Amino acid sequence: MKPDANAILIDRGLEELRNRFDDAFPHPAEHHVYDPEPEETPSMVLDTIDIEDFARLDLPPREYVLKPIIPVRGLAMLFAGRGIGKTFVAMNIAFAVSCGGEFLRWKADAARPVLYVDGEMPQEALQERILAMDQASDVWPEKDFFRLLSMDRQALGVSLNLANPKHQAAIEDNLGDAKFLVIDNLSTLVNGGAENDAESWIAMQEWLLRLRRKGVSVLVVHHAGRSGNARGTSKREDVLDTVIQLKRPEGYDPRDGARFEVHLTKARGVFGDDANPFEAKLKVIDGRAVWTDSDLDEDEENDTIIAMRQEGKSVRAIADATGRSKSSVHRVLEKAKEQGFFEVPSASDLPGNFESAEAFDDPRH
5 MKPDANAILI
15 DRGLEELRNR
25 FDDAFPHPAE
35 HHVYDPEPEE
45 TPSMVLDTID
55 IEDFARLDLP
65 PREYVLKPII
75 PVRGLAMLFA
85 GRGIGKTFVA
95 MNIAFAVSCG
105 GEFLRWKADA
115 ARPVLYVDGE
125 MPQEALQERI
135 LAMDQASDVW
145 PEKDFFRLLS
155 MDRQALGVSL
165 NLANPKHQAA
175 IEDNLGDAKF
185 LVIDNLSTLV
195 NGGAENDAES
205 WIAMQEWLLR
215 LRRKGVSVLV
225 VHHAGRSGNA
235 RGTSKREDVL
245 DTVIQLKRPE
255 GYDPRDGARF
265 EVHLTKARGV
275 FGDDANPFEA
285 KLKVIDGRAV
295 WTDSDLDEDE
305 ENDTIIAMRQ
315 EGKSVRAIAD
325 ATGRSKSSVH
335 RVLEKAKEQG
345 FFEVPSASDL
355 PGNFESAEAF
365 DDPRH
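Residues 5 to 369 in my numbering are what the sequence shown lists, from first letter to last.
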């Protein structure tokens, strides 16, 4: 018969009772993810600089991992409701960065190594998305420029909690040359307390800022809550440069497949047309998957412009009929050509310069 607590207290003393209790019920502090006193406290010698000296520093112009939404050393979040396409968009962003390509309205300045950490999807589903990206792209990342860390491929019992400093270090050990880290997603990879508790985010926030200082850009993927906003504490957005929200468009039909609105709810340094929301669609054209995009209020009108051009109407006639400028019609037709809707006549077939809208105005075309 095992001794009870009273017997242990009488025979062995209070210290032994405490030790046995701690062995049976580990103290919550052992599992708390935020450690305010790290093992090696960095030097507290702080750097200050006079404003005039700072203004005269010869700093390089800011570069972009994906222009204009993710700067080098930038921190970003992508969030959406279930089934809208968070992972597909995040993987396409990572793919564009890894091969110096484009995705939707965004373009990578150069190819940069990427580490993509997925905590949710089965590897078969991830492979399907990668094969779809291969089909839609004319380029492929160089060896080790797009590395995947899928939790579905890890041994049983292996899990990640990126609010835990030891697990953060494990990711940093696997970064290698990667300058862009994608964390997909917070719900499966961060377990630091209640989602709406600002204090539970502190450890993760400190890690993201540390990665920034090391020159690593980060995209965090998250779920939307019932309100439509990112789930949990709004404190997550405080240090972020960019927050991207995907929404179902009005009148969405499941048969539409991948179709959603893209909104920049926070975007430091993004202005003008670059900050406008737009709609994105994945279409199949001539057996090939192609992403298309259009301004939210112009989607149907753009379809009309394309249809009129296919009927042989000139740019001037289309502009008069739709009320759009000739340059606006020209941009729509150029994009339609790039997306494979039809062949716009080459410069040799048209009078004047093909690059100008007037090149379309010959009635023969």
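Note that CB positions come from ideal geometry on N, CA and C, so glycine has one too.
Quick caveat, the model's predicted, so the values are computed rather than measured.
CA-to-CA distance, F184 to L215, given in whole angstroms: L215 and F184 have their C-alpha atoms roughly 10 Å apart.
In chain order, what are the residue ranges of uninterrupted alpha helix (DSSP H) at least 4 long that sit wholly in the region 131 to 194? DSSP runs (the alpha helix (DSSP H)) wholly in the region 131 to 194: 169 to 179 and 190 to 193.
| By how many angstroms is the C-alpha of E315 removed from the C-alpha of S332? | So the two alpha carbons sit approximately 19 Å from each other.
#### Entry: alpha helix (DSSP H) segment containing I289, residue limits
Looking at the DSSP string, I289 is not in any alpha helix (DSSP H); the run it does join, the beta strand (DSSP E), is F282 to I289.
- prompt: What is the rounded straight-line gap between the Cα of M137 and the Cα of S163?
  reply: Pairing M137 with S163, the inter-Cα distance amounts to about 28 Å.
Q. Are three or more beta carbon pairs between the region 80 to 99 and the region 154 to 161 nearer than 8 Å?
A. The region 80 to 99, when compared against the region 154 to 161, does not touch it at the 8 Å Cβ threshold.
Residue from D156, L166 and A340 whose Cα sits closest to the Cα of E305 = Distances from the CA of E305 to each of D156, L166 and A340 were compared; the closest alpha carbon is that of A340.
Report task. Verify whether the separation of the beta carbon atoms of E283 and E265 is less than 7 Å. Result -> It is a contact, given that the beta carbons lie within the stated cut-off.
field: Collapsed DSSP secondary structure at R66 in the structure displayed
entry: Of the three classes helix, strand and coil, the one that applies to R66 here is coil, per DSSP.
Task: Nearest residue (CA-CA) to T296, options F107, V101 and A100 - done: Ranked by Cα distance from T296, the first of F107, V101 and A100 is F107.
What do you get for I53, buried or exposed, if any count of 16 or more other CB atoms within 10 angstroms of its CB means buried?
It counts as exposed.
- [ ] Grab the span of the beta strand (DSSP E) containing T237 for me, first residue to last.
- [x] T237 -> no beta strand (DSSP E), and no H or E assigned at all.
Check your understanding: Going by C-alpha distance, which of K285, I248 and V274 is nearest R259?
Key -> Closest option to R259, Cα to Cα, is K285.
Which first and last residues belong to the alpha helix (DSSP H) in which M208 is found?
Counting along the chain, M208 sits inside the alpha helix (DSSP H) bounded by residues I206 to R217.
**Q.** Simplified DSSP assignment, three categories, for E454
**A.** In the structure as shown, the chain begins at 5 and stops at 369. Residue 454 is therefore absent and cannot be evaluated.
For this session: With a 10 Å radius around its C-beta and 16 neighbouring C-beta atoms as the bar for buried, classify N168 as buried or exposed.
Result: Buried, because 16 or more other Cβ atoms sit within 10 Å of the Cβ of N168.
### Query
With distances taken from CA atoms, which of S141, A207 and P126 is nearest Q172?
Closest by alpha carbon: A207.
Check: A94 and L79 look like a contact to me (Cβ under 8 Å); what is the Cβ gap, rounded to whole Å?
Finding: Contact annotation, A94 with L79: C-beta distance approximately 14 Å; criterion of less than 8 Å not satisfied.
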